[in-house]
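Trainee:
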Amino acid sequence: MIAFVLIHLICLLPCLVSSEISEAEYDVLLDYAKFSSIAYCLNKGLTSGPMSESCELSFCKTPELSDIEIIKTFDFNEWDGVGSGYLAIDHKNGRVILAMRGTSSRRDWIGNFDFIPVPYEPLTKSITVECEGCKIHKGFYEFLRNKCAYIIKETSNLHFKHPEYRLIVTGHSLGAALATLAGIELSLMEHDPLVVGYGSPRVGNTNFVKWVDISVSSKLQVIVNIAQTNMITNGFIRVTHEHDLIPKLPPAPVFRHTGVEYEIVKLETPHERNDINRVVNEEWQDIDDMDSNAQVKTMSPSKLWPPFLGKYEHKHYLIRITGCDDNKS
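Okay, so the sequence shown: first residue is 0 according to numbering that gives the first Met the number 0, each after it adds one.
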């Protein structure tokens, strides 16, 4: 069976590499960019209740989003921690949505750049998918251990109440990395989420990436499903923007990316369907001999990300994704 799938994938690779993405794929990427953007409204009054009542963004008032209900918001910066976001339900389209906000506060930045690799163990215990030799970003792991259990529990409980609904986990920048870790936990709990991250930094080492892409949610199967249906329904998806520096951090070879990549190749918005390429690669191939314990030197955010290098790209993923302000371009 595995051999058959591999042969089938090889036959599909030319299509996956060279063809334009479908309208359905584009709609998914645009849709969850909006949900990731809404997470930036937490410091502008976003609260529980109908999304249209507390979200200031114009698309929150449209028929497609106005009936969505925000169940909970969480802001761990107020609790001397990193990360914030919201949990919502969309009865009209049958979705439970967990969205994580990107880097916004000084505390977020400190956590974001605390990227010494540390041994990783998921919160959800599983005998069948043990992660041997896995290491991840220290700042992200501390958030997972200290705060994420609460988010996972609330999301899991809501999805169990509506098992027929799709579960979506999304976020931008730091939020995309945290969405990846939350998505892993929910996958191990057999929720089968669709995880869509925008401008995510790298999260873990080679062993971690292999474990996620093979044992947690088969990247191979996700690629085959997309090729066969032209739709994105589950698995780990990440969207990058050409010249955005953040997805290149923390530096390789210690840190790698998980999931299927879509790359935006046009600088300015609007980003249309033909401005996005589906990328097929295996980041962890041919690096097995590299030292997973290699040292990472700490660098300041200003040195890692000078003002002229990719800041526009990082803020714009199909839409202006940061700021919670329709007037910003």
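Even glycine gets a Cβ: it sits at the ideal position worked out from N, Cα and C.
For the region 108 to 169, which segments carrying the alpha helix (DSSP H) assignment without a break, of at least 4 residues, lie completely within its bounds, in sequence order?
Mentor: Those alpha helix (DSSP H) runs which fall completely within the region 108 to 169 and span 4+ residues are 137 to 142 and 148 to 160.
Trainee: Starting from the Cα of Val-221, find the closest Cα among Val-279, Pro-246 and Asp-274 and give me that residue.
Mentor: The candidate whose alpha carbon is nearest that of Val-221 is Val-279.
Trainee: What residue range is occupied by the uninterrupted beta strand (DSSP E) comprising Gly-93?
Mentor: From DSSP, Gly-93 is part of no beta strand (DSSP E); its letter is neither H nor E.
Trainee: Could you say which of Pro-162, Glu-153, Asp-30 and His-171 lies nearest to Ile-70 if we only look at CA atoms?
Mentor: The residue with the shortest Cα to Cα distance from Ile-70 is Glu-153.
Trainee: Of all the options Leu-177, Pro-246, Glu-189 and Ile-318, which has the alpha carbon lying nearest to the alpha carbon of Leu-266?
Mentor: Nearest option by C-alpha distance: Ile-318.
Trainee: DSSP puts Phe-235 in a beta bridge; with which residues?
Mentor: Bridge partners of Phe-235: Val-194.
Trainee: For Gly-344, which option in Thr-61, Asp-74 and Asn-229 has the closest C-alpha, if you only look at C-alpha atoms?
Mentor: Only positions 0 to 328 of the chain appear in this structure, which leaves residue 344 out of reach.
Trainee: Going straight from the alpha carbon of Cys-54 to that of Pro-250, what length do you get?
Mentor: For Cys-54 and Pro-250, the distance between alpha carbons rounds to 36 angstroms.
Trainee: Grab me the residues of Leu-185's own chain with a C-beta within less than 6 angstroms of its C-beta, minus the 5 sequence neighbours each way, in chain order.
Mentor: If we look at Leu-185 and ignore the five residues flanking it on each side, its Cβ neighbours are Pro-192.
Trainee: Could you tell me whether the Cβ atoms of His-171 and Ile-320 are closer together than 7 angstroms?
Mentor: For His-171 and Ile-320, yes; Cβs fall inside 7 angstroms.
Trainee: Are the Cβ atoms of Gly-101 and Leu-56 separated by less than 7 angstroms?
Mentor: No, they are not a contact pair.
Trainee: With a 10 Å radius around its C-beta and 16 neighbouring C-beta atoms as the bar for buried, classify Gln-284 as buried or exposed.
Mentor: For Gln-284, the pLDDT reaches just 48, beneath the cut-off of 50, and the residue's location in the model is therefore unreliable, although a value from the coordinates is still provided. Flag for Gln-284 reads exposed.
Trainee: Going by beta carbon distance, what residues of the same chain come within less than 8 angstroms of Thr-46, once the five residues before and after it are set aside?
Mentor: If we look at Thr-46 and ignore the five residues flanking it on each side, its Cβ neighbours are Ser-53, Ile-69 and Thr-72.
Trainee: In the DSSP assignment, what are the bridge partners of Phe-73?
Mentor: Bridge partners of Phe-73: Gly-84.
Trainee: Taking 7 angstroms as the threshold (C-beta atoms), are Ser-35 and Ala-98 in contact?
Mentor: Contact flag set, yes.
Trainee: Specify, as a first and last residue, the run of the beta strand (DSSP E) that Asn-276 falls within.
Mentor: Taken as a continuous stretch (DSSP letters only), the beta strand (DSSP E) holding Asn-276 covers 275 to 278.
Trainee: Starting from Glu-262, trace the beta strand (DSSP E) in both directions and tell me its first and last residue.
Mentor: That run of the beta strand (DSSP E) goes 259 to 263.
Trainee: Which first and last residues belong to the alpha helix (DSSP H) in which Ile-225 is found?
Mentor: 218 to 228 is the span of the alpha helix (DSSP H), which, as asked, contains Ile-225.
Trainee: Could you have a look at Arg-100 and say whether DSSP puts it in helix, strand or coil?
Mentor: Arg-100: coil per DSSP, three-state reduction.
Trainee: What would DSSP say about Ile-67, mapped onto helix, strand or coil?
Mentor: Three-state result, Ile-67: coil.
Trainee: Quick check on Thr-205: buried or exposed, where buried means 16 or more other Cβ atoms within 10 Å of its Cβ?
Mentor: Buried, by the Cβ-count rule.
Trainee: Could you tell me how far apart the beta carbons of Thr-239 and Glu-260 are, in whole angstroms, since I believe they sit closer than 8 angstroms?
Mentor: Yes, they are in contact, since the Cβ atoms of Thr-239 and Glu-260 sit about 6 angstroms apart, within 8 angstroms.
Trainee: Kindly indicate which three-state DSSP category Ile-183 falls into: helix, strand or coil?
Mentor: Correct three-state label for Ile-183: helix.
Trainee: Where does the unbroken alpha helix (DSSP H) through Lys-314 begin, and where does it stop?
Mentor: Run containing Lys-314: 310 to 314, per the alpha helix (DSSP H) assignment.
Trainee: Can you give me the Cβ contacts of Arg-165 inside the same chain, cut-off strictly under 7 angstroms, excluding the 5 residues immediately before and after it?
Mentor: Around Arg-165: Gly-93, Arg-94 and Leu-193.
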